[in-house]
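Asks:
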Amino acid sequence: MLGKVGTTSAHRSDQRSLRVPPLPCPFPSEVNPCVEEVDEESHAWLAASRMLEGEGVLEHFRRSRIGWLAARTNPLVPRDSLRLINDWYNWLFAFDDAFCESETVGHRAAALVRALPPLLEILDERREPGADDPFGAGLLELQRRIAEVGTPAQLERWRTTVREYLFAQVWEAGNREADLIPTPEDYVLMRRITGATYTCFALIDVAGGYRLESEEWSHPDVRTLSDLACDLIGWDNDLLSYAKERGRDAARHNLVTVLRFHRTGSLQKALDEVASMHGAAVEGFVETRSAVERWASQPVLRYVRGLEHWVRGHIDFSLGSARYVHAWPEGTSWPAG
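Under numbering that gives the first Met the number 0, the letters of the sequence shown match residues 0 to 336, in that order.
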């Protein structure tokens with residue numbers, strides 16, 4: 000069952016020194032060589048879009064270096080594809096800032112539900128965005144750019160994942176409104192959708208210039224790999240960003256908080272359990288990948304490599320992010336290397 004946040008001992012600040020556990024990852028670390036120029040161009044696109052208001056907010060986004068996340072998770076794609084990916088990541092981060100974390104919308108499920116139909120209609124090509132709808136305009140532009148380089152099936156795959164992501168934000172808003180922390184079982188299931196990771200996976204083959212057939216995308220083994228990669232990205236993000244997130248919204252949508260509240264009662268034990276889950280997921284990924292390699296086509300193998308780039312690239316980006324690392328209390332110990 001869901002739990003009220005309340006003021007339990009499980010959520011009082013630990014005063015002792017914390018230890019951030021290691022997140023071993025066997026996948027190679029790479030960076031797209033076009034990162035600097037594409038990041039600058041994409042930030043200019045974001046600023047011109049009017050999705051974000053105020054120089055302070057725009058500067059915060061610039062310092063976040065979202066282009067480096069795009070470049071680390073898509074190290075082998077050509078420049079134009081990296082720009083498309085970078086713009087999509089910027090749209091997602093801006094939407095999260097303006098809607099999902101907003102006090103007026105993100106904490107009220109009904110208000111968020113009312114905000115979604117225009118975006119869903121744009122995805123379905125049933126309406127044009129109004130002059131006062133920068134998020135709709137940005138979404139329409141990105142959809143048209145994806146349609147120019149992808150097949151109709153690839154575009155629809157991306158649209159489906161975007162719809163799922165948008166609806167999942169209502170679940171998070173409902174939890175905030177009711178002051179609830181989801182159970183580990185519910186959280187693990189929903190984290191795959193709320194983080195928008197599948198919207199990015201749906202662009203791996205598009206950006207790479209190849210096509211994953213529908214039956215390959217939905218093959219049980221490929222789906223298992225996608226789910227495991229999605230889990231790893233979400234859980235790793237929750238662990239590494241916990242110190243930054245705990246000051247906002249009680250970090251209720253964070254696996255560390257969920258495990259601490261429902262299972263461990265200890266912050267350090269919760270951190271260690273997330274790391275243990277990470278290790279098991281990596282082992283499961285490597286094992287399943289071996290089975291896939293026995294039958295996979297070249298596009299499937301390239302897609303699996305894309306998942307590996309995402310898992311490793313996200314870890315490298317997060318460990319290089321000052322906003323994550325510096326949020327941890329003084330005296331926090333980090334794994335060597």
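Here a beta-carbon is modelled for each residue, glycine too, at the ideal position from N, C-alpha and C.
Kindly indicate which three-state DSSP category R259 falls into: helix, strand or coil?
Replies: Looking up residue 259 in the sequence shown gives position 260. Helix.
Asks: Looking at R262: is its Cβ nearer than 8 Å to the Cβ of P183?
Replies: Position 263 of the sequence shown, counted from the first residue, corresponds to residue 262. Position 184 of the sequence shown, counted from the first residue, corresponds to residue 183. Yes, these two residues count as a Cβ contact at 8 Å.
Asks: Does the distance from the C-beta atom of Y88 to that of I203 stay below 8 Å?
Replies: For the purposes of this step, residue 88 is taken as residue 89 along the sequence shown, with counting starting at 1. For the purposes of this step, residue 203 is taken as residue 204 along the sequence shown, with counting starting at 1. Not in contact: Y88 and I203 (Cβ atoms no closer than 8 Å).
Asks: On the three-state DSSP scale, how would you describe R210?
Replies: Numbered from its first residue, the sequence shown carries residue 210 at position 211. Here R210 sits in coil by DSSP.
Asks: Below 8 Å between beta carbons: does that hold for D235 and H313?
Replies: The count along the sequence shown starts at 1 and reaches residue 235 at position 236. The count along the sequence shown starts at 1 and reaches residue 313 at position 314. Yes, Cβ-Cβ distance for D235 and H313 is below 8 Å.
Asks: Go through its chain and collect everything with a Cβ distance to V291's Cβ below 6 Å, but skip five positions before and after it.
Replies: The residue you call residue 291 lines up with position 292 of the sequence shown. Excluding sequence neighbours, V291 sits near D220.
Asks: Return the Cβ separation of L318 and L239 in integer angstroms, given the expectation that the two are a contact with Cβ distance under 8 Å.
Replies: Here residue 318 corresponds to residue number 319 of the sequence shown, with the count starting at 1. Here residue 239 corresponds to residue number 240 of the sequence shown, with the count starting at 1. Indeed they touch by this definition, with Cβ atoms about 7 Å apart.
Asks: Is the beta carbon of R162 less than 8 Å from the beta carbon of P298?
Replies: Residue 162 sits at position 163 when you count from the first residue of the sequence shown. Residue 298 sits at position 299 when you count from the first residue of the sequence shown. Not a contact, by the Cβ cut-off of 8 Å.
Asks: Measuring straight from C-alpha to C-alpha, what distance separates F316 and R71?
Replies: Taking the sequence shown and counting its residues from 1, one reaches residue 316 at position 317. Taking the sequence shown and counting its residues from 1, one reaches residue 71 at position 72. Their Cα atoms are separated by approximately 7 Å.
Asks: Since G246 is in the alpha helix (DSSP H), which residue starts that stretch and which ends it?
Replies: The count along the sequence shown starts at 1 and reaches residue 246 at position 247. It is not in any alpha helix (DSSP H) - G246 carries neither H nor E in the DSSP assignment.
Asks: Nearest-angstrom Cα distance between D226 and L258?
Replies: Within the sequence shown, residue 226 is the residue found at index 227, counting from 1. Within the sequence shown, residue 258 is the residue found at index 259, counting from 1. About 20 Å.
Asks: Tell me which residues share the same chain as D271 and place their Cβ nearer than 6 Å to its Cβ, disregarding the 5 neighbours each side in the sequence.
Replies: Position 272 of the sequence shown, counting from 1, holds the residue named residue 271. P20, listed in sequence order.
Asks: With a cut-off of 8 Å on the beta carbons, I'd call S16 and G208 a contact; round off their distance for me.
Replies: Mapped onto the sequence shown, residue 16 falls at position 17. Mapped onto the sequence shown, residue 208 falls at position 209. So it is not a contact: roughly 48 Å between Cβ atoms.
Asks: Do V205 and Q142 have their C-beta atoms within less than 8 Å of each other?
Replies: Position 206 of the sequence shown, counted from the start, is the residue given in the question as residue 205. Position 143 of the sequence shown, counted from the start, is the residue given in the question as residue 142. No; because the gap between Cβ atoms is not below 8 Å, this pair is not in contact.
Asks: Three Cβ pairs or more, each shorter than 8 Å: is that satisfied between the segment 278-290 and the segment 32-50?
Replies: The segment 278-290, when compared against the segment 32-50, does not touch it at the 8 Å Cβ threshold.
Asks: Leaving out five residues on either side along the sequence, give the residues of the same chain with a beta carbon under 8 Å from the beta carbon of F200.
Replies: Translated into positions along the sequence shown, residue 200 becomes position 201. The answer, listed in chain order, is T160, S225, A228, C229, G305, L306, W309.
Asks: Identify the residues that DSSP records as bridge partners of S332: which are they?
Replies: Locating residue 332 in the sequence shown gives position 333, counting from the first residue. Answer is R18.
Asks: In three-state terms, what does DSSP make of L57?
Replies: Residue mapping note: residue 57 aligns to position 58 of the sequence shown, counting from 1. Correct three-state label for L57: helix.
Asks: Report the rounded CA-to-CA distance for L119 versus F166, giving the unit in angstroms.
Replies: Position 120 of the sequence shown, counted from the start, is the residue given in the question as residue 119. Position 167 of the sequence shown, counted from the start, is the residue given in the question as residue 166. Their Cα atoms are separated by approximately 10 Å.
Asks: Apart from the five residues just before and just after E29, which ones in its own chain have a Cβ nearer than 6 Å to its Cβ?
Replies: Counting from one through the sequence shown, the residue named residue 29 turns up at place 30. Here the set comprises P74.
Asks: Cutting at 8 Å between CB atoms, please list the residues of its own chain near N31, excluding the five before and the five after it.
Replies: Position 32 of the sequence shown, counting from 1, holds the residue named residue 31. V37, A69, A70, R71, N73, P74, L75, V76, L81.
Asks: Assign L179 to one of three DSSP states: helix, strand, or coil.
Replies: Residue numbering aside, residue 179 sits at position 180 when the sequence shown is read from its first letter. Three-state DSSP puts L179 in a strand.
Asks: Please report the straight-line C-alpha distance between A321 and A110, rounded to a whole angstrom.
Replies: The residue you call residue 321 lines up with position 322 of the sequence shown. The residue you call residue 110 lines up with position 111 of the sequence shown. Distance between the alpha carbons of A321 and A110: 33 Å.
Asks: Entirely within the segment 258-304 and at least 4 residues each: give me those alpha helix (DSSP H) ranges in chain order.
Replies: You should have 266-291.
Asks: Would you call the CB atoms of I232 and T196 closer than 8 Å?
Replies: The residue labelled residue 232 in the question sits at position 233 within the sequence shown. The residue labelled residue 196 in the question sits at position 197 within the sequence shown. Against a cut-off of 8 Å, the Cβ pair of T196 and I232 comes out as a contact.
Asks: Going by CA-CA distance only, name the one from I121, R125, G129 that's closest to L138.
Replies: The residue labelled residue 138 in the question sits at position 139 within the sequence shown. For L138, the nearest C-alpha among the options comes from I121.
Asks: Residues in its own chain within less than 8 Å of S8 by CB, not counting five upstream and five downstream?
Replies: If you number the sequence shown from 1, residue 8 lands on position 9. Here the model assigns S8 a pLDDT of 42, short of 50, so the residue's position is not dependable, and the following value carries that caveat. G264, listed in sequence order.
Asks: What are the start and end residues of the alpha helix (DSSP H) that includes C199?
Replies: In the sequence shown, the residue the question calls residue 199 occupies position 200. Residues 196-200.
Asks: Once the 5 residues before and after S48 are set aside, which same chain residues still bring their CB inside 6 Å of it?
Replies: For this step, residue 48 is matched to residue 49 along the sequence shown. Excluding residues within five positions, the ones whose Cβ falls inside 6 Å are P133, G137.
Asks: Please report how far the alpha carbon of A280 lies from the alpha carbon of C24, in whole angstroms.
Replies: The residue you call residue 280 lines up with position 281 of the sequence shown. The residue you call residue 24 lines up with position 25 of the sequence shown. Approximately 10 Å between the Cα atoms of the pair.
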